[in-house]
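Going down the list, the protein sequences come from chains A and B.
All residue numbers for the first sequence refer to the numbering used here, where the first residue is 1 and numbers rise by one.
All residue numbers for the second sequence refer to the numbering used here, where the first residue is 572 and numbers rise by one.
The beta-carbon is built from N, C-alpha and C at its ideal position, and this holds for glycine as well.
See structure below.
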Amino acid sequence: MVRIKIINILVTCAFLVLIFGLIYLEVIQGKKYRVLSNKNCIRLLPQSGARGKILDRYGNVIADSKLSYDVMISPQGSANREEALMGVSHVLKISQNDLREKIKKDYVSMSLPVVIARNIDIKKAIALEELKPDLAGVIIQLKPQRRYPYNSLAAHVIGYLNEIDRWRLTRLADYGYKTKDIVGFGGVEEKYDYFLRQEEGGLSVEVDHRGRFMRVLGFKPPKNGKDIQLTLSLKIQRIVESYLADRKGSVIIMDPYTGEILAMASSPVFNPSVFVDRKGYSIAGIFNNRDAPLINRSISGTFPPASVFKVIPAVAGLETKKISLSKTFVCTGSTLIGRREFNCWSKHGEENIIQAIAHSCDTFFYKTGLLLGPLAIHDYALKFGLSKSTSFELPYESGGFIPSPLWKKVNRFQNWYEGDTANLVIGQGDCLVTPLQMARMMAVFANKGYLVTPYIVKAIGGKDISIYQKKFSRLDLKDSTIENIRIGLKEAVSLSTGTGNVLSGLSVSVAGKTGTAQAPPGLSHAWFVGFFPFKNPKYVICVFLERAGPGYLSCVLAKQIIEAMANEGEI
Amino acid sequence: MKNSSFLIVAIAVLISLIGILSIYSSTFSKEGKFWQGIFKRQISWVILGLVCFYFISNLNYRRIWDWTYLLYFLALCFLFFVFALGVVRSGAQRWLKIAWFNFQPSDIAKLILVIFLARYFSRKSVDDINLPSSKFGVFRGLVLPFIFTAIPMGLIIEQPDLGNGLLILASFIAMLYLTNIRLRYILIFLIIIGLVSPFLWHFLHDYQKERLLVFLNPNIDPLGAGYTIIQSKIAIGSGGFFGKGWLSGTQSQLRFLPESHTDFIFATFSEQWGFLGSLILIALYYFLIRQGIIIAQRTQDAFGRLLAFGISLMLGIQVFVNIAMNLGLAPVVGLPLPLMSYGGSSVLATFIALGILVNIDKTRSVF
């Protein structure tokens, strides 16, 4: 009887084991297995919307989307596949063996069509579509693709599109970005990717164990991205780029009152459509180019400002009353500071501040600088927004750098000498600025005392955001200071001895400052930063040519641009 | 005097109905006349099974005593026939084609073996309620019955049908335990099996080795031998507490789960009815087997008692192994779930076995 009892207990235990197993699988692990079961039988067939367009200030398209046609073949309808392959191979001029290879290589499951040709010609797409009744399982999928009607125009402002990289993915995964997503790199495409981005829609379908389509579970229509309107003027941008051509450098044209960027060009350029076509060798060509065409020199390139910087010690001198209009220095071609001879680029004789700006006299500024001391110059440079980024919205903006005695002590363990002040005052030495910072600095004299924040996006998805973008602050400068410097800037062009005299023959009166930045080894950088028309300035222009030679070259380029703008009726 | 026959019929019919529903749900999405009609076939098998049940339950089980050797001989004949004339299906030769259906002799053979063992360990006299086997020596108590068992078992394993073969071995051990044989012998027997089994490994077919290895770790071959067990666990697990609902089980209806109407019918059922339904189903099986054991305990004569125990335990082991295999707690051996799995001979054999049980219960009161 004991054995019978034991058998009874064993039977009961066996069933309890089953129940515990059941609890473990269905109750405790239920959720996990539900996910696995859904993975088994639910497939998503994505459909993408179009990325938002990028427009200029008048609504002209700079980048939009075109439909591209991908040919896909569904492995499911395999009955007449040979026939279908023959037809496709005939139209696309791809050998049948290649097609078969491709299908084999990219096969995922029975229900997922395999892409056999991407981005085919529209005529071929139409031909295939007409033959479709005879081509079992062939699908022509429409896919929006970025199009750049003006090729490389404003490429640095727009940026380019590419597959998301690991670094971006880790940062953006929370915002719904997935691997293999196409995202913006650089420029507006990167900064406003979240708005431009289309929302993927698609079908979710149920499939059986062999991946065959069973039924549609749901459909989510794809959404197009939001359009972004820039402050750029297509016309001006084209003028600027056509004259800058393939010289290395940057040109910025900005509204001095609002900070709207009307043109921003950087050279050498790249063609963003290379990334759309995904031709490996041309992409590699861009990345390997030693001139770094992907860098937006207008905001990411930092260079010594040279003589353009002189307006800052000029302002500082007048503001701190260290000098006045009647104060003159005599330029004999060089001056001794410490034990070193500091040269001026010419012999100017006796000059006051206005003439010194017009002639860009180094001696005058050496002496002014020594009167001011490095701290005052440094402070005024910072007042004009140097040594930190301008809060411009495009990514990868550099801040530039203005040295100070403290910095030198901390970083170089050296004392600040008067020679350093002399270098600082003429914008050489450790001074670094971006072309955009120079344009912004010049805008202060154009708009008579306001430091604006440059911006480039006017509206997102039809909503005008320029009121949020317009940010400016009044610099606490005396009207007379600004007026005197304006005269100096004007005379730099209008005087026959002025450094920018080449610009004087134009229909508009231009004011500005040239600069020739020594950057040994090699040729110097050429600067021209100015504004026009002088009376009621409409534009600030900054022309920068990298390792081109003397500032004169930039003046010539500026002249060509302003002339063309005048001819086009933009002034 | 209590009578369990009604309860047994009721539970058996209920489980059969659940089985038919599950077979329908697992095959309704498949194309072809055969698959569409398969649940109707099962219905006819259940009806035929009930007819057999009726006859057997009214046939005094003491008659079987007289037929035992004949039945044993017939069972061996059938198993030999399978070797000679059997239908080969999915690599195994387990079926005999009789008229319009395929018959699996191993289903009947294991029942006959239980009858044989019950006869072997008891005396004909109804009044002799003491089992003689307590006085048996090693040879009569262990070696001889094992030889009788090993012949059909070997034939079945060679088909190959490891599941039914091992089921016979397990039933043999269970009955041995209940026959008052000295515990020593049983332990010796178990030790011998334990020592010999590593050598038997080499006699296994490759797919059987794979199944055993995969049981230890299903992920070594997720698309091959491990596929079934993984899909079965997904099916059961995804059912959750309340199940996915009738005809909404994706695993079985979209055919991710192989053998969803036979060996893995429990997973099919569990996916659709969830933990709640499965609990009820397991409870039904438990009550059925409990009834069998209660009958055995009530029965005074040795033959009837052993037979009732044998039948109940054989069913119990089969239910346990099948469900455990569905849950991934046992290796995949081809054992159907009695009354639920599709298969004529399995349903018939189970109803016949239950018929004998009911008859034992009925006839007992006559004495």
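Presumed contact (8 Å Cβ cut-off) between residue i and residue j, rounded CB distance
{"i": "Q889 of chain B", "j": "L738 of chain B", "result": "6 Å"}
{"i": "N837 of chain B", "j": "G810 of chain B", "result": "It should be noted that the sequence gives Phe, not Asn, for residue 837 of chain B. About 11 Å separates the two Cβ atoms, so there is no contact after all."}
{"i": "I140 of chain A", "j": "A125 of chain A", "result": "6 Å"}
{"i": "G820 of chain B", "j": "A806 of chain B", "result": "7 Å"}
{"i": "A873 of chain B", "j": "S693 of chain B", "result": "4 Å"}
{"i": "G488 of chain A", "j": "V510 of chain A", "result": "With a Cβ gap of about 14 Å, G488 of chain A and V510 of chain A do not count as contacting."}
{"i": "P293 of chain A", "j": "F270 of chain A", "result": "4 Å"}
{"i": "A316 of chain A", "j": "A376 of chain A", "result": "5 Å"}
{"i": "L370 of chain A", "j": "I353 of chain A", "result": "Incorrect: roughly 15 Å between the Cβ atoms, too far for contact."}
{"i": "K458 of chain A", "j": "R57 of chain A", "result": "6 Å"}
Assigned exposure category for residue i - 16 Cβ within 10 Å defines buried
{"i": "H90 of chain A", "result": "exposed"}
{"i": "V685 of chain B", "result": "buried"}
{"i": "A284 of chain A", "result": "exposed"}
{"i": "V157 of chain A", "result": "buried"}
{"i": "I122 of chain A", "result": "exposed"}
{"i": "R665 of chain B", "result": "buried"}
{"i": "I312 of chain A", "result": "buried"}
{"i": "G338 of chain A", "result": "exposed"}
{"i": "I261 of chain A", "result": "buried"}
{"i": "V714 of chain B", "result": "exposed"}
{"i": "F309 of chain A", "result": "buried"}
{"i": "K668 of chain B", "result": "exposed"}
{"i": "P789 of chain B", "result": "buried"}
{"i": "N423 of chain A", "result": "buried"}
Euclidean distance between Cα positions of residue i and residue j
{"i": "M572 of chain B", "j": "V929 of chain B", "result": "Because the pLDDT of M572 of chain B is 42, which lies under 50, any placement of that residue in the model is unreliable, and the question is left without a value."}
{"i": "Q428 of chain A", "j": "K463 of chain A", "result": "44 Å"}
{"i": "G159 of chain A", "j": "Y192 of chain A", "result": "11 Å"}
{"i": "G603 of chain B", "j": "E82 of chain A", "result": "27 Å"}
{"i": "V330 of chain A", "j": "P405 of chain A", "result": "28 Å"}
{"i": "L1018 of chain B", "j": "Q29 of chain A", "result": "For chain B, the structure presents residues 572 to 938; residue 1018 of chain B sits outside this window and is missing."}
{"i": "E163 of chain A", "j": "K220 of chain A", "result": "24 Å"}
{"i": "L656 of chain B", "j": "L910 of chain B", "result": "27 Å"}
{"i": "T934 of chain B", "j": "T720 of chain B", "result": "28 Å"}
{"i": "T839 of chain B", "j": "V584 of chain B", "result": "19 Å"}
{"i": "Y913 of chain B", "j": "I594 of chain B", "result": "7 Å"}
{"i": "R782 of chain B", "j": "I800 of chain B", "result": "9 Å"}
{"i": "P222 of chain A", "j": "A526 of chain A", "result": "50 Å"}
{"i": "A117 of chain A", "j": "D246 of chain A", "result": "36 Å"}
{"i": "N897 of chain B", "j": "F599 of chain B", "result": "21 Å"}
{"i": "I923 of chain B", "j": "R876 of chain B", "result": "17 Å"}
{"i": "Y691 of chain B", "j": "G808 of chain B", "result": "45 Å"}
{"i": "L18 of chain A", "j": "E129 of chain A", "result": "58 Å"}
{"i": "G419 of chain A", "j": "H359 of chain A", "result": "22 Å"}
{"i": "H776 of chain B", "j": "L131 of chain A", "result": "53 Å"}
{"i": "A50 of chain A", "j": "F827 of chain B", "result": "37 Å"}
{"i": "D379 of chain A", "j": "K408 of chain A", "result": "15 Å"}
{"i": "F858 of chain B", "j": "Q843 of chain B", "result": "23 Å"}
{"i": "F707 of chain B", "j": "I752 of chain B", "result": "7 Å"}
{"i": "R290 of chain A", "j": "P268 of chain A", "result": "10 Å"}
{"i": "Y640 of chain B", "j": "R43 of chain A", "result": "60 Å"}
{"i": "C69 of chain A", "j": "V251 of chain A", "result": "First, the amino acid is wrong: residue 69 of chain A is Tyr here, not Cys. Near 38 Å, if we compare the C-alpha coordinates of V251 of chain A and Y69 of chain A."}
{"i": "P403 of chain A", "j": "V71 of chain A", "result": "60 Å"}
{"i": "S74 of chain A", "j": "K815 of chain B", "result": "31 Å"}
{"i": "V556 of chain A", "j": "I357 of chain A", "result": "19 Å"}
Reference residue i, options the options, closest by Cα
{"i": "Q47 of chain A", "options": "A:V35, A:L67, A:D56", "result": "A:L67"}
{"i": "N60 of chain A", "options": "A:S466, A:I236, A:F213", "result": "A:I236"}
{"i": "A224 of chain A", "options": "A:E130, A:G461, A:E393", "result": "Looking at the sequence provided, one finds Asn at residue 224 of chain A rather than Ala. Comparing Cα-Cα distances from N224 of chain A to each of A:E130, A:G461, A:E393, the minimum goes to A:G461."}
{"i": "M438 of chain A", "options": "A:R3, A:L131, A:L382", "result": "A:L382"}
{"i": "I679 of chain B", "options": "B:A663, B:F649, B:G708, B:G712", "result": "B:F649"}
{"i": "R547 of chain A", "options": "A:A492, A:P305, A:K388", "result": "A:P305"}
{"i": "V617 of chain B", "options": "B:A689, B:A895, B:S917", "result": "B:S917"}
Do the stretch 149 to 163 of chain A and the stretch 237 to 257 of chain A touch if we need at least three Cβ pairs shorter than 8 Å? Remark: three or more beta-carbon pairs, one from each stretch, lie closer than 8 Å, so the stretch 149 to 163 of chain A and the stretch 237 to 257 of chain A are flagged as touching.
Given 8 Å as the limit, is there contact between the stretch 175 to 193 of chain A and the stretch 6 to 16 of chain A, that is, 3 or more CB pairs closer than that? No, the stretch 175 to 193 of chain A does not touch the stretch 6 to 16 of chain A.
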